[in-house]
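Visitor: In the order they appear, the protein sequences are chains A and B. Counting with our numbering, you get residues 1 to 163 for the letters of the first sequence. Counting with our numbering, you get residues 1 to 163 for the letters of the second sequence. Quick one: structure below, then a few questions.
2 protein chains.
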Amino acid sequence: MSDVRWLSAEEQRVWRGFRTAVMKFTEHLDRQLQRDSGMPMAYYEILVALSEAPERALRMSELALACHSSRSRLSHAVAKLEKEGWVVRRACASDRRGSVAELTDEGFAVLEAAAPGHVTAVREQLFDVLTPAQLQSLREISAAMENGLAGECAQVRAEIGEF
Amino acid sequence: MSDVRWLSAEEQRVWRGFRTAVMKFTEHLDRQLQRDSGMPMAYYEILVALSEAPERALRMSELALACHSSRSRLSHAVAKLEKEGWVVRRACASDRRGSVAELTDEGFAVLEAAAPGHVTAVREQLFDVLTPAQLQSLREISAAMENGLAGECAQVRAEIGEF
DNA sequence: TCGGTCTGGTTGAACTCTCAACAAGAACAT
DNA sequence: ATGTTCTTGTTGAGAGTTCAACCAGACCGA
């Protein structure tokens with residue numbers, strides 16, 4: 001079983017450098033948001049997704065898709081947001097299983113207050129340190145990675161389907 | 001306070017695409033390791049760092065640096081790894097406060113068993129989907145981001161130092 | 001119409017991480 | 001010496017995530 005395609009020294013450098021940068025970056029953003037607005041980035045993204053939806057409301061499943069979140073995680077998170085008064089849940093009219101999360105005015109206000117600090121952090125740590133050419137590259141790299149993962153997911157689905 | 005430099009539509013696309021790609025990628029890697037080797041990626045990285053150290057042992061503080069981890073997180077993690085029998089902790093000879101974590105033979109064996117699957121996942125989802133030019137870009141982008149964050153940290157340190 | 005299956009969403013337990021508080025030794029000044 | 005300060009590492013509590021199990025409604029074929 002030695003047919004593993006190990007990473008070369010150069011590949012290791014790239015991979016570790018990338019991982020380090022991403023870890024520090026997301027940690028920085030998360031800490032900023034937690035400190036200044038009392039919420040983790042995952043919750044911020046839920047509020048953003050809701051704020052951009054018509055009526056500021058989305059079904060849980062659509063919200064999960066928008067936030068790249070599992071149903072379970074989202075369910076717990078929305079429970080917490082509801083306790084804070086930033087979101088309310090109501091039944092879905094067209095599907096009695098469904099549940100719709102809606103951003104409250106208070107939630108919107110909290111989001112408005114949190115946004116400047118978060119956007120500033122993203123700009124300073126991402127856009128201000130990269131050249132336009134690097135941003136273009138980053139766009140392509142992200143797209144390629146996502147495509148690769150989409151393929152992987154399809155493959156997993158196919159495997160599951162076989163059994 | 002409207003002097004926030006908001007993101008343009010294009011910048012938002014880049015940022016969201018990047019975030020999505022990274023989230024899905026790390027989730028994929030984490031799930032693979034958890035499923036196939038019963039450990040999260042953070043623990044895998046601890047084992048790797050120890051395996052590369054002389055004597056397969058490192059002081060907790062050095063290990064934390066190597067893993068980009070907080071002392072607290074590392075302490076909890078090593079406690080768990082010790083319970084699994086993959087790591088042992090012993091006192092540090094030169095500094096009586098210190099604590100040294102050492103990889104056991106069993107821990108090394110577990111790491112050896114986990115590595116092929118993890119490396120394969122990284123290769124397939126990162127190196128196989130990017131061109132050499134993109135990899136070169138990624139290297140530069142990672143370096144730029146880390147430099148930016150280093151500056152930010154220095155700034156924070158300076159602020160703290162002022163009070 | 002009825003049984004089987006699939007989908008949407010929630011829940012609880014186990015696990016991991018964060019944060020603040022703490023203990024103890026080192027470093028250093030007076 | 002002695003007291004202050006810094007560093008090292010651990011701990012406990014609280015918060016967030018994951019996973020498996022579950023219920024209920026929708027969907028679909030006989």
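Even for Gly, the Cβ is constructed at its ideal location relative to N, Cα and C.
Go ahead and label H28(A) buried or exposed: buried means 16 or more other beta carbons lie within 10 angstroms of its beta carbon, across all protein chains shown.
Guide: Classification of H28(A): buried, given that the 10 Å Cβ count is 16 or more.
Visitor: So, do the region 15 to 35 of chain B and the region 98 to 113 of chain B have three or more beta carbon pairs nearer to each other than 8 Å?
Guide: Contact between the region 15 to 35 of chain B and the region 98 to 113 of chain B is absent, because fewer than three Cβ pairs lie under 8 Å.
Visitor: Roughly how many whole angstroms lie between the Cα atoms of F25(A) and R59(A)?
Guide: Spanning the two alpha carbons is a distance of roughly 31 Å.
Visitor: Looking only at DSSP bridge pairs, what is I58(B) linked to?
Guide: Before going on, a small fix: residue 58(B) reads as Leu here, not Ile. Paired residue(s): A101(B).
Visitor: Residues of chain A with CB closer than 9 Å to the CB of L7(B), please, in chain order.
Guide: The answer, in chain order, is V119, V122, R123, F127.
Visitor: Taking three-plus beta-carbon pairs below 8 Å as touching, is the region 32 to 51 of chain B in contact with the region 77 to 89 of chain B?
Guide: Yes, since at least three Cβ pairs between the region 32 to 51 of chain B and the region 77 to 89 of chain B fall closer than 8 Å, the two stretches touch.
Visitor: Is it right to say V4(B) is buried, meaning 16 or more other beta carbons lie within 10 angstroms of its own, or is it exposed?
Guide: Exposed, by the Cβ-count rule.
Visitor: Cβ closer than 7 Å: which chain B residues qualify as neighbours of M23(A)?
Guide: Going along chain B in sequence order, the residues near M23(A) (Cβ under 7 Å) are H68.
Visitor: For K6(B), count neighbouring Cβ atoms within 10 angstroms of its own Cβ and tell me buried if that reaches 16, exposed if not.
Guide: It is worth fixing the name first, because residue 6(B) is Trp in this sequence and not Lys. Exposed, because fewer than 16 other Cβ atoms sit within 10 Å of the Cβ of W6(B).
Visitor: So P138(B) contacts chain A; which residues on that side make the cut at Cβ distance below 7 Å?
Guide: Checking the displayed sequence, the identity of residue 138(B) turns out to be Leu instead of Pro. Within chain A, the residues near L138(B) are V14, F18, I141.
Visitor: Going by DSSP, what residue range makes up the alpha helix (DSSP H) through V14(B)?
Guide: From DSSP, the alpha helix (DSSP H) with V14(B) extends over 9 to 37.
Visitor: With 7 Å set as the bound, which would you pick, yes or no: does the beta-carbon of Q34(B) sit closer than that to a beta-carbon of chain A?
Guide: Chain A contact via Cβ: absent.
Visitor: Alpha carbon to alpha carbon, how far is V119(B) from G107(B)?
Guide: Computed Cα separation, rounded: 18 Å.
Visitor: Spatial neighbours of V122(B) within its chain, please: C-beta separation below 8 Å, excluding the five flanking residues on both sides.
Guide: Around V122(B): L29.
Visitor: Indicate whether at least one CB of chain A lies closer than 7 Å to the CB of P132(B).
Guide: No, P132(B) lies away from the interface with chain A (no Cβ there is under 7 Å from its Cβ).
Visitor: When the Cβ atoms of the region 127 to 135 of chain A are set against those of the region 47 to 67 of chain A, are three or more pairs found closer than 8 Å?
Guide: The region 127 to 135 of chain A vs the region 47 to 67 of chain A: no contact.
Visitor: Which of the three DSSP states is assigned to V88(B) in this structure?
Guide: V88(B) falls in the strand class under three-state DSSP.
Visitor: List, in order along the chain, the chain B residues whose C-beta lies closer than 7 Å to that of P166(A)?
Guide: Limits of chain A in this structure are 1 at one end and 163 at the other, which puts residue 166(A) out of reach.
Visitor: Use the C-beta contact count for G148(B): other C-beta atoms within 10 angstroms, 16 or more gives buried, fewer gives exposed.
Guide: Buried, by the Cβ-count rule.
Visitor: Kindly say whether L65(A), judged by its beta-carbon, lies nearer than 7 Å to any beta-carbon of chain B.
Guide: Chain B, which has no Cβ nearer than 7 Å to the Cβ of L65(A), makes this no.
Visitor: Buried or exposed, going by whether 16 or more other CB atoms sit within 10 Å of the CB of A113(B)?
Guide: That one is exposed.
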